[in-house]
Amino acid sequence: MGNTAGYKALYDGWKADPEAFWMKAAEAINWDEKPSKALFDKGDNLYEWFADAKCNTCYNAVDRHVEAGRGEQTAIIYDSPITHTKREISYVELRNRVATLAGALRAKGIEKGDRVIIYMPMVPEALEAMLACARLGAVHSVVFGGFAASELAVRIDDAKPKAIIAASCGLEPGRVVHYKPLLDGAIDMATHKPEFTVIFQREQEVAELKEGRDFNWHGFQYGVEPAECVPVEGNHPAYILYTSGTTGAPKGVIRHTAGHMVALNWSMKNIYNVDPGDVFWAASDVGWVVGHSYIAYGPLIHGNTTIVFEGKPVGTPDAGTFWRVISEHKVKSFFTAPTAFRAVKRVDPKGEFVGKYDLSCLKTVYLAGERADPDTIVWAQDQLKVPVIDHWWQTETGWAIAANPVGVEMLPVKLGSPSVPMPGYDVHILDEAGHELPAGELGAIAVKLPLPPGTLPNLWNAEARFQKSYLNTFPGYYETGDAGMIDEDGYLYIMARTDDVINVAGHRLSTGGMEEVLASHPDVAECAVIGVSDELKGQLPVGFVCLSNGVNRPHEEIVKECVTLVREKIGPVAAFKLACVVERLPKTRSGKILRGTMVSIADGKEFKMPATIDDPAILDEIKVALQGIGFAK
Numbered sequence: 001m002g003n004t005a006g007y008k009a010l011y012d013g014w015k016a017d018p019e020a021f022w023m024k025a026a027e028a029i030n031w032d033e034k035p036s037k038a039l040f041d042k043g044d045n046l047y048e049w050f051a052d053a054k055c056n057t058c059y060n061a062v063d064r065h066v067e068a069g070r071g072e073q074t075a076i077i078y079d080s081p082i083t084h085t086k087r088e089i090s091y092v093e094l095r096n097r098v099a100t101l102a103g104a105l106r107a108k109g110i111e112k113g114d115r116v117i118i119y120m121p122m123v124p125e126a127l128e129a130m131l132a133c134a135r136l137g138a139v140h141s142v143v144f145g146g147f148a149a150s151e152l153a154v155r156i157d158d159a160k161p162k163a164i165i166a167a168s169c170g171l172e173p174g175r176v177v178h179y180k181p182l183l184d185g186a187i188d189m190a191t192h193k194p195e196f197t198v199i200f201q202r203e204q205e206v207a208e209l210k211e212g213r214d215f216n217w218h219g220f221q222y223g224v225e226p227a228e229c230v231p232v233e234g235n236h237p238a239y240i241l242y243t244s245g246t247t248g249a250p251k252g253v254i255r256h257t258a259g260h261m262v263a264l265n266w267s268m269k270n271i272y273n274v275d276p277g278d279v280f281w282a283a284s285d286v287g288w289v290v291g292h293s294y295i296a297y298g299p300l301i302h303g304n305t306t307i308v309f310e311g312k313p314v315g316t317p318d319a320g321t322f323w324r325v326i327s328e329h330k331v332k333s334f335f336t337a338p339t340a341f342r343a344v345k346r347v348d349p350k351g352e353f354v355g356k357y358d359l360s361c362l363k364t365v366y367l368a369g370e371r372a373d374p375d376t377i378v379w380a381q382d383q384l385k386v387p388v389i390d391h392w393w394q395t396e397t398g399w400a401i402a403a404n405p406v407g408v409e410m411l412p413v414k415l416g417s418p419s420v421p422m423p424g425y426d427v428h429i430l431d432e433a434g435h436e437l438p439a440g441e442l443g444a445i446a447v448k449l450p451l452p453p454g455t456l457p458n459l460w461n462a463e464a465r466f467q468k469s470y471l472n473t474f475p476g477y478y479e480t481g482d483a484g485m486i487d488e489d490g491y492l493y494i495m496a497r498t499d500d501v502i503n504v505a506g507h508r509l510s511t512g513g514m515e516e517v518l519a520s521h522p523d524v525a526e527c528a529v530i531g532v533s534d535e536l537k538g539q540l541p542v543g544f545v546c547l548s549n550g551v552n553r554p555h556e557e558i559v560k561e562c563v564t565l566v567r568e569k570i571g572p573v574a575a576f577k578l579a580c581v582v583e584r585l586p587k588t589r590s591g592k593i594l595r596g597t598m599v600s601i602a603d604g605k606e607f608k609m610p611a612t613i614d615d616p617a618i619l620d621e622i623k624v625a626l627q628g629i630g631f632a633k
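Per UniProt numbering, the sequence shown starts with residue 1, numbered consecutively.
See below:
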């Protein structure tokens with residue numbers, strides 16, 4: 001299992017003996033009671049990992065590094081260009097802060113198995129709240145700070161938290177997002193009421209506290225006894241993370257304690273190629289899965305320094321903010337979403353800001369969150385002069401299904417592919433009847449059960465929904481909901497969500513493939529393609545393009561060139577004739593383009609406003625653009 005083996009030996013070794021592979025990986029974790037075996041088959045296609053072990057996530061993420069003599073190492077670097085604040089928290093300081101917070105929560109009655117909702121922005125205190133819950137064996141559910149009151153209420157009723165930990169506000173460039181009124185509104189709407197809330201008051205806004213229910217973060221910690229780590233079973237839920245289901249009701253993804261630690265710790269070296277002490281930065285938010293796995297838990301369990309960044313890729317203050325953070329804090333591996341790079345590229349296409357910083361510390365960049373179009377990867381490689389690695393995973397899996405295992409062997413990069421399946425994932429491409437498709441054919445991507453450690457064992461209080469959402473379509477497989485293909489070298493290509501494969505006059509076509517072509521146009525900064533209903537052909541593709549800064553040519557010319565480009569590269573079968581220029585695309589806060597909502601607008605259907613939408617006003621602009629080409633009547 002050493003790093004000399006190379007990918008093939010690693011993957012074949014896992015396949016030959018999964019039990020031995022994961023037991024070996026488990027040796028890197030400190031156990032209160034070691035697991036007797038790795039896999040536990042619960043029947044009914046349900047599996048658990050290391051279920052009979054006893055362990056504690058906070059101990060593995062914090063205390064053990066202090067006890068090993070590394071307490072003075074920086075655990076968390078907080079960098080907020082919005083508030084002009086920077087500070088470093090060492091492992092020993094983190095342990096003391098988390099133990100005190102956990103002690104204060106325990107004094108108010110929080111114990112193992114209780115749920116706690118965390119509703120906070122990108123501040124170190126958000127990680128401290130997560131770790132304090134883990135220390136006590138409480139199950140946290142982080143809800144993205146600033147989420148609408150109605151959405152927060154749904155999550156309160158589903159998780160039934162004993163307490164909610166929140167901040168007074170979050171900060172966006174140029175505005176303060178008031179969290180407390182949203183929190184109060186959510187508690188009023190929810191049927192379940194928390195026993196108490198803890199409010200972290202930020203300097204930018206001091207929230208009004210309700211006597212008897214709301215406690216001040218600092219005040220309620222005075223004079224309490226620090227809490228020790230509480231050992232929990234390996235299959236004890238570490239957290240619940242809600243992912244918006246297509247049906248509107250959020251799905252509570254559960255993460256079991258032991259498998260979560262083993263998988264994340266394994267991934268830090270093998271995938272991200274960092275050693276303990278190295279600085280690792282995932283530019284995401286604690287509200288998303290990337291924030292859980294690779295801002296909070298993965299780096300700290302592995303003994304890295306993690307960065308909590310409160311800012312945006314552009315505008316805080318400029319398109320050089322990523323490069324400043326990397327250069328200043330000596331980041332070795334950097335993880336972000338393709339959307340972030342597209343935003344930077346749009347403002348600084350020639351990479352003038354890159355040249356202002358010494359980026360010699362940076363060894364690798366990782367992209368995930370949505371499809372990384374080859375143009376964005378090539379731009380980033382040209383600017384940064386380091387490998388830019390696409391990898392693919394989901395909220396449900398918690399870590400990469402497919403990646404380039406840089407810490408084992410840097411495989412050749414194939415543009416448009418997140419490379420190869422990781423140990424634990426036996427990936428297959430299936431047709432609608434569940435038959436295996438040959439190399440190069442587009443189908444549904446499914447993973448043979450059992451899924452590896454660290455992935456979801458079930459949904460919170462919703463086993464029937466878990467079976468229906470993921471397991472029923474292809475018996476014996478986990479359905480990813482993504483479509484793609486595997487080439488003859490075993491590289492995986494994710495072409496679209498299965499809903500985004502469109503059927504044009506009997507031809508199954510990937511909107512991702514068309515987007516790739518549009519993105520290659522020199523004037524296009526960002527684009528999306530959707531399939532709209534058409535009486536004649538079933539569906540027709542419609543393209544939306546956002547132009548790079550400083551492009552002053554007539555839009556009709558650019559649209560015409562885009563149409564020609566798609567017809568040349570994909571062929572007339574795509575029936576691609578319609579495109580329009582828009583100022584921006586509707587997205588979730590994590591940067592995913594809301595294609596499904598755009599389709600509903602185009603087809604004139606009713607739709608529910610997506611909970612995670614960044615700016616609802618964009619939908620009106622999309623409607624006007626669609627009406628301009630004869631849709632959205």
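A virtual CB, placed ideally from N, CA and C, is assigned to each residue, including glycine.
The structure displayed is predicted, hence computed values, not measured ones.
Throw me the rounded Cβ distance for the residue i and residue j pair, which I believe falls under 8 Å.
i           : j    : result
A402        : V420 : 6 Å
A579        : V559 : 5 Å
C55         : G234 : 6 Å
S80         : G311 : 6 Å
K269        : G407 : 4 Å
residue 649 : P405 : Examination of residue 649 is not possible in this model, given that the chain is present from 1 through 633 alone.
S141        : I117 : 5 Å
Q201        : A104 : Contact doesn't hold; Cβ gap of about 15 Å is too wide.
By Cβ distance, which residues of its chain are closer than 7 Å to residue i, with the 5 residues on each side in sequence left out?
i           : result
Y179        : Y119, G145, G146, A166, A167, S168, C169, G170
T336        : A283, L367
T247        : Because T247 carries a pLDDT of 48, less than 50, the predicted location of this residue cannot be relied on, and the following value inherits that uncertainty. The answer is none, since no qualifying residue turns up.
A632        : I601, A602, G604, K623, L626
residue 635 : In this structure the chain extends from 1 to 633, so residue 635 is not present and cannot be described.
Y478        : A446, V447, L449, L451, Y470, L471
I254        : P237, I240, L456, P457, N458, L459, W460
Assign residue i to one of three DSSP states: helix, strand, or coil.
i           : result
G2          : Low local confidence applies: a pLDDT of 38 at G2 is under 50, so the model's placement there is unreliable, with the coordinate-based value given in what follows. Coil at G2, not helix or strand.
residue 640 : Outside the shown range of the chain (1 to 633) lies residue 640, about which nothing can therefore be said.
N404        : coil
G594        : Position check: residue 594 holds Leu in this sequence, whereas Gly was assumed. Reduced to three states, the DSSP call for L594 is coil.
A462        : coil
E409        : coil
I558        : helix
E205        : strand
T588        : strand
W392        : strand
T247        : Residue confidence is low: T247 scores 48 on pLDDT, short of 50, so the model does not pin down where it sits. No coordinate-derived value is stated.
G13         : helix
L536        : coil
H192        : coil
residue 636 : The structure shown does not extend to residue 636, since the chain is modelled only from 1 through 633, so no value can be given for it.
According to DSSP, what are the bridge partners of residue i?
i    : result
Y59  : Answer by DSSP bridge pairing: none, since Y59 is not bridged.
C546 : E526
G252 : Y242
I326 : Bridge partners of I326: none, in fact.
V198 : I165, F215
N45  : Per DSSP, none; premise fails for N45.
T74  : S90
C229 : None; C229 has no bridge partner.
H507 : V504
A579 : G543
K210 : None; K210 has no bridge partner.
Keeping to the same chain, check which residues put their C-beta closer than 6 Å to that of residue i; ignore five residues upstream and five downstream.
i    : result
H256 : N235, P457
I530 : V542, R595, M598, V599
K8   : none
P299 : F280, T306
A138 : I110, D114, V116
By Cβ distance below 8 Å, which residues in the same chain neighbour residue i in space, the five residues on each side in sequence not counted?
i    : result
L518 : V524, C527, V529, G543, V545, C562, L565, V566, A579
Return no unless some Cβ of chain B is closer than 7 Å to the Cβ of residue i.
i    : result
P475 : Given the protein chain composition of this structure (a single chain), no chain B is represented.
Quick one: is the Cβ of residue i within less than 6 Å of any heavy atom of the ligand HEM?
i    : result
F607 : No copy of the ligand HEM appears in this structure; indeed no ligand is present at all.
* In chain order, which continuous runs of the alpha helix (DSSP H) of length 4 or greater are located wholly inside the region 267 to 318? -> 298 to 301
* Jot down the residue ranges of each uninterrupted beta strand (DSSP E) in the region 334 to 388, minimum 3 residues, whole runs only, in chain order. => 364 to 367
* To do: Let me know the alpha helix (DSSP H) ranges lying completely inside the region 107 to 181, each 4 residues or longer, listed in chain order.
  => 124 to 136, 149 to 159
* Asked: Considering only residues of the region 427 to 495, which uninterrupted beta strand (DSSP E) runs meet the minimum length of 3 residues and lie entirely inside it, listed in chain order?
  -> 427 to 430, 443 to 448, 477 to 486
* **alpha helix (DSSP H) runs contained entirely in the region 607 to 631, provided each spans 4 or more residues** => 617 to 628
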